[in-house]
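Student:
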Amino acid sequence: MSADVEVPVEASRTPKQLARLRRRRSRARYWSEFRRHRSGIIGLLILGFFVAIALVAPLIYPENPADPSAIINAEGESMAPPTAGYPLGTTQTGQSVLTLLVWGARVSLFVGLLATIISMTLGSLIGIGSGHYGNWFGAALERLTDWFLVIPFLPLAIVLATVAREIDWLGDSLITIVVVIGITSWPGTARLVRAQTMSVKARPYLERARVLGGGNWHQMTRHILPNVAPLILANTTLTVAIAILSETTLSFLGLGPQNRVSWGSMLDDAFGTGAISLGAWWYLIPPGLCVVLVVLAFTLIGRALEGVLSPQMRER
Amino acid sequence: MSQSPNATADPDAPHPEARPIIEVSGLKVTFRSREGKQARAVDGVDLAVGRGEIIALAGESGCGKTTLARTILGLERPVEGTVSYDGSPLDRSSRGLRAYRRKVQLVLQDPTGSLNPRHTVYDSVAEGLRVHKIAGNEEILVAAALSRAGLRPPERYFLRYPHELSGGQRQRVVIAGALALEPDVIVADEPVSSLDASVRGEILALLLKLRDELGLTVLVVTHDLGLAWNIADRLAIMYLGRIVEIGPTEDVLRDPQHPYTRALLSVVPEVEQLDPIVLTGETPDPTRIPSGCRFNPRCPALQSGEAVTVADRCRTEAVDLIATTPGHHAACFLTNLTRAPS
Amino acid sequence: MTLLQLEDLSVTYSTDEGPVPAVRGVTLTLDAGTTLGVAGESGCGKSTLASTILRLTPASATVTGRVFLEGEDVLGMSFGRLRAVRWGQASIIFQGALHSLNPVQRIGKQIAEPILLHDKTASPRNVDSRVAHLLDQVGLPRRLAQAYPHQVSGGQKQRVMIAMAMGCGPRLIIADEPTTALDVMVQAQVLDLLKGIVKDIGLGLMIISHDLSVLGTACDRVAVMYAGRVVEQGPARQVFEDPVHPYTRALSGAFPTIGDPAARYAPRGLAGDPPFPGDLPSGCPFHPRCSDSIDACSTVDVGLRPAGHWRTAACVLVPEAER
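Protein chains in written order, with my numbering: chain A, 895 to 1210; chain B, 372 to 713; chain C, 669 to 991.
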C-alpha cells in the first residue's frame, strides 16, 4: 500500500543476521562521526600514550620502585636535577623520577578505571531503580542518593579510607582505595541516570510496553537501559577523570596504599621532603602534569562522545 | 442495557452473540490533583461493548474518555465499580493482567512516540510476542501481523527504523504490534489526530477492515465527531466523567437528545444547517462537579427556558441514562418529557 | 482596499543537503475587513509563508517576489521601518502559541510589552488601561492581567495571544493554527471572537490551518497549498464543499460532513505522505498520490487556471481558459 520508502532487497538472510549487519554499520557510523571531533581524537591519542606506558612499565623498569629493595639499592644522588642517566632527575631516595612516573601511571589508571566501574554500576543501578519504581522503593533509593550527594566528598573519602585500612581483608591495598572512590562517586551518576530514566518513562512507548504485557524487568532492560546507556557512556569517561583526580588527592594526603607508587604519592613525597624549597621542579611538575594530561584526555573524549551520542539521545 | 449491533445488521434484529465482550458497571476513577483536590475523572459509567462492534467515546478534554479507556485496559485502578471481560471481572493480579493483555490491546495517539526509536519495526512488532513467550515461528507471526496491518511485503519493513517511515506507516506498525497478539479488542486513543489530515482515511479504513475481516472489536476514543460518523457503529458522548448520550451513531448525530450533544454538533464545522450554540464558560473541571445534572450550569436548554418544567430537578437530582428510541439513551430530564414513556 | 498583496513569492532555505524550496511562486491578496484562509499540511510551506510576510525567515533563506502591505514593499523596506511595521501594522499569532507565554511573567505585563516598545506615548503607568481594554475586547475578565500563564486555561491563553497581537492596533493579523490544540467548543469561541474582531475593527485576518472545515466556515476566501504552491483558491465555503483540485478533494474528504450517508463507513484518505520540500516529484508534485493523474501529470506542472466564479485551481484536468 504505502511503499514509497525505498528498501534494498536483501534476500535470504534471517532478521537476526540482518540485525547484526545493521548494528555493525551503525557502529561504523558512530566511529566516523566520532572522528570528526578533532578534540576527541587528541584525547584518544593522549590516553593511548599513557595506557601504552602503563602496560610497558614493568618491561622497561622491571623493579617496582616502591619495593624496599629498590629504595635501598637506589644509586642516584638524592634530589639531583635531570642528567643523561636520570632524564627527570632523582627523588629523595636517589631513585629515578622517570621510573616512578612510569610505574605511577599503572596505579593511577588502574584505580581510576576500576573505581569508575564500581561507581558507574552502582550509580546506574540505583539511578534506574529510583527512576523506574515510583513507590517507596524508588523513593528510598532517591533519598539515599541525595544523602550521599550532600555529604562532601573529601571528608567522607578520608574517613572511609582511614577506616577501611583497619579492616583486615581490605587493609592497606589498592582495592581499599578503589572501593573508597567507587562508593563516594556514584551519586552524581545516579542523579543523572535517574533524570534520564524518568524522562524515558514518560514516553509513550514505555506505556505501550506496559500494555503489551511487559513487566518491570522487560521495561527496564528493553527500553530504559538502551535509552539511558549513551548517557552513561558519555558520563563514564568524565567519571574516570574524576576518579583519577580523587586517587591523586587521597594519595597526596597519604591515604593511598603505601606499597605502591602513584602520581599522588609522588607529589606527597615531593612536598614532604621539601622539594619546593629545594627547587626540585623535576620532582613536582612531571606527576602533576601527567595527572592533568590524563584528566584532559578523558574530558576531551567524553565531550566528543556526548557530541556523537546526544542527537541519538534526543529522539531521532 | 443496549444491544450490540454489528456492522450492517438492523439494530433491532436478534444478535447471536448476546453477551457483551466488555462490560463496565458503575465505574468510578478518581485522581488526586497537584493541589490535593479530588478529580472525579470517571464518575459512574455503565457500558456494554458487543463483540465485533466499533464504538466511539467522544467528548472534550476533561470528560474522562481517556481515563475510561485506560481503566478498561487495566492501566488505571477504579475506586468503585467493575470492568468485566467476556463475563468475568478483571483479574488484577500481575498474571491475570498479563493474560488480559493478550485479549485487549491499545493503539496510542502519537505513533512517533509509541515506537522506541532504537528498535526496528521487527523488534517493535515482536515485542508483544516475546513478552508473552508466544509459541511459533516469530518471523512468520511478525510478517503476518505486518501484512494484516497493510504493510506489504512485510519483509521490506523488518529492518526499518520508525524515523524512516511516514506517519501513516508508523501507526500501522503500532497496530501490527497490537495485532500480533491476536487480541479480541483494540482500544484506540485518538488514533489519527497526530497524522496529517489527508492520511487519516487510510488508518480509519484499516480499522474498519480489521473489524470486517477479523471480527475485531474496536473502542475508539476521540474528540472528533466526524471520525465517529466515518467508522463507529455506536457513539457515546461523555461529559465530566459520565456518559450523557449513547446510541447508534446515526441516531445520536442526526437526532441528538441531550443538549450537550446538540451544542457540540452545532459548532462542529462539518455539520450543516444547525444554528451554532456556543456554550459559555470553559471546559469544566473534574475537581468541581456541579450538583444535580452536571451540565446544568452551561445547559442551553435551561438558559433558554426550554427546560423550565424540569429546571428544579436539573439543579438538584443526578440524572441517569434514559431510553428514547431502542438503543438510544440520553441523560436528560427533558428526554422523558418529549418522548412517550419507554 | 488591498491590505496585503503577495506577488510570486518564493522562499528557499539553504541547508546542509542543498537548497530546499519551501514556497514556490505564491500570489495572494487579502482585503481589509475580510478573512483569508491558507490550508495545507506539513511541508506545504504555509508557516514559512506567514513568517515571510514580516521578514522573519532566517538570514540564510533566499526570498524572491514581492510582499506589499498597504502598498508598502515589505521586502525592500529599511530595518527601522520594518520594526515599526512589525506589530504596529501587522502581527502574527504563532503556532503553538499556548507555549509562547513566559511562565514567570504576569499576563498583563506580557500584553503590555509590545505596546511599550512601539508606542512612545505609552508608559508603564498608562498602559494598564490599554491592557484592560484589550482584555475586554477578547472577552476575558480584567483581573486576568494579574494572573500567571499556568493559572489560565488553553482557550484563555489563546485569547491572551490574540489580545497581544492586537496590542498595537495592527491592520493585519496572521494566525497560524489558532485552534489546533483546542477543544471543539473552545475552538468555536475563539473563531467567533476572531470573526467579531474582523467585523468590528475592520482589520484583515489570515488564518493558517490544516483543518479545511474550520477555514470553510470561518473565512471568506481560502487558498489551498501543497508542496509550496497554491493549488486551489476560491470562496471558502465553495472550496470546502465543492473542491476542484484532487488534493483539495482529499483534504476535504478528511473532514466528512456529519449526516452524509456517503461518508458512513467510508473514510477517505490518501496513501503516502505530503512530499518533503527538498525532494519533490517531477511535474505536478501531487501526481504520485493523485487518483485522477494522467500521463502528462508527471512531466507538466500547471499553474492556476480559472475554475469557476472567482475560483482557480492548478490541475491539468481543469480546462484552460474556462469562463
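Glycine included, each C-beta is placed from N, C-alpha and C at the ideal position. Small disclaimer: the values here were computed from a predicted structure and weren't measured.
#1: Whose Cβ in chain B lies nearer than 9 Å to the Cβ of D804 of chain C?
#2: Would you call the region 680-692 of chain C in contact with the region 691-701 of chain B, where contact means no fewer than 3 C-beta pairs closer than 8 Å?
#3: Round the Cβ separation of D481 of chain B and P1098 of chain A to the nearest angstrom and send it over; I've been treating them as touching at under 8 Å.
#4: Examine the Cβ distances between the region 1109-1116 of chain A and the region 1047-1056 of chain A and report whether three or more of them are shorter than 8 Å.
#5: Relative to the C-alpha of R979 of chain C, which candidate in C:G927, C:I876, C:H955, C:V892 has its C-alpha closest?
#6: At which residues does the alpha helix (DSSP H) containing G1056 of chain A begin and terminate?
#7: Please decide whether R390 of chain B counts as near chain A, where near means a Cβ-Cβ distance under 8 Å.
#8: Does the distance from the C-beta atom of I693 of chain B to that of R582 of chain B stay below 8 Å?
#9: Which stretch, first to last residue, makes up the alpha helix (DSSP H) that contains L698 of chain C?
#10: Between R1197 of chain A and the rest of its own chain, which residues show a CB-CB distance below 6 Å, the 5 nearest in sequence each way excluded?
#11: Count the other CB atoms within 10 Å of the CB of W925 of chain A; is the residue buried (16 or more) or exposed (fewer)?
#12: Please tell me whether V854 of chain C and T654 of chain B are closer than 8 Å, where the distance is taken between their beta carbons.
#13: Rounded C-beta distance between G1023 of chain A and P1181 of chain A? I'm assuming under 8 Å.
#14: To which residues does DSSP link V395 of chain B through a beta bridge?
#15: Could you check the C-alpha separation between L1054 of chain A and A946 of chain A for me, to the nearest Å?
#16: Starting from the N-terminal side, write out each stretch of the alpha helix (DSSP H) that is 4 residues or longer and does not extend beyond the region 721-764 of chain C.
#17: For the 8 Å Cβ check, are there 3 or more pairs between the region 831-851 of chain C and the region 620-640 of chain B?
#18: Quick check: the Cα distance between R1085 of chain A and H801 of chain C, rounded to an integer number of angstroms?
#19: Which stretch, first to last residue, makes up the alpha helix (DSSP H) that contains L939 of chain A?
#20: In chain order, what are the residue ranges of uninterrupted alpha helix (DSSP H) at least 4 long that sit wholly in the region 1053-1133 of chain A?
#21: Helix, strand or coil for M1160 of chain A per DSSP?
#22: What are the uninterrupted segments assigned as beta strand (DSSP E) that are 3 or more residues long and contained completely in the region 772-799 of chain C, given in chain order?
#23: State the CB to CB distance for the pair G744 of chain C and R625 of chain B, rounded to an integer number of angstroms; the pair is presumed to be in contact (CB under 8 Å).
#24: Using a cut-off of 8 Å between C-beta atoms, extract the partners of Y924 of chain A located in chain B.
#25: Who does H700 of chain B pair with in a DSSP beta bridge?
#26: Chain B beta carbons: is any one of them nearer than 8 Å to that of G1082 of chain A?
#27: Within 10 angstroms of the Cβ of D851 of chain C, are there 16 or more other Cβ atoms? Answer buried if so, exposed if not.
#28: Would the beta-carbon of L1008 of chain A fall within 8 Å of that of W1080 of chain A?
#29: Quick check on the DSSP output: the beta strand (DSSP E) that includes D844 of chain C runs from which residue to which?
#30: Using a cut-off of 7 Å between C-beta atoms, extract the partners of N508 of chain B located in chain A.
#31: For R473 of chain B, which residues of its own chain have a beta-carbon under 7 Å away from its beta-carbon, when the five flanking residues on both sides are left out?
#32: Let me see if you follow: with CB-CB separation under 8 Å, is P1098 of chain A close to chain B or not?
#33: Quick one: grab the DSSP three-state call for L530 of chain B.
#34: Quick one: using the 10 Å Cβ neighbour count with 16 as the cut-off for buried, is H977 of chain C buried or exposed?
#35: Within the same chain, show all residues whose beta-carbon is closer than 6 Å to that of R897 of chain C, passing over the 5 residues directly before and after it, in chain order.
#36: Taking Cβ-Cβ distances shorter than 9 Å, what residues in chain D pair up with L486 of chain B?
Tutor: The relevant details are as follows:
#1: Those within 9 Å of D804 of chain C in chain B number zero; the least Cβ separation is about 16 Å.
#2: no
#3: 6 Å
#4: no
#5: That would be C:V892, whose Cα lies nearest to the Cα of R979 of chain C.
#6: The amino acid occupying residue 1056 of chain A in the given sequence is Thr; Gly does not appear at that position. Its alpha helix (DSSP H) spans residues 1047-1060.
#7: Chain A contact via Cβ: absent.
#8: no
#9: Membership of L698 of chain C in any alpha helix (DSSP H) is not indicated; the residue belongs instead to the beta strand (DSSP E) covering 686-699.
#10: For R1197 of chain A, where only same-chain residues beyond five positions count, there are no Cβ hits under 6 Å.
#11: Exposed.
#12: yes
#13: Their Cβ separation, rounded to whole angstroms, is 39 Å, which puts G1023 of chain A and P1181 of chain A out of contact at 8 Å.
#14: Answer by DSSP bridge pairing, in chain order: B:L418, B:V454.
#15: 32 Å
#16: 747-756
#17: no
#18: 49 Å
#19: 932-954
#20: 1068-1095, 1098-1105
#21: DSSP places M1160 of chain A in the helix class (H, G or I) of the three-state scheme.
#22: none
#23: Contact doesn't hold; Cβ gap of about 56 Å is too wide.
#24: The contacting residues do not exist; Y924 of chain A stays about 13 Å from chain B at best.
#25: DSSP lists B:I617, B:A694 as the beta-bridge partner residues of H700 of chain B.
#26: no
#27: buried
#28: no
#29: The continuous beta strand (DSSP E) containing D844 of chain C extends over residues 840-844.
#30: The contacting residues do not exist; N508 of chain B stays about 11 Å from chain A at best.
#31: H503, L552, P554.
#32: yes
#33: Note: L530 of chain B maps to coil in three-state DSSP.
#34: exposed
#35: R692
#36: Absent here is chain D; the protein component of the structure consists of chains A, B and C.
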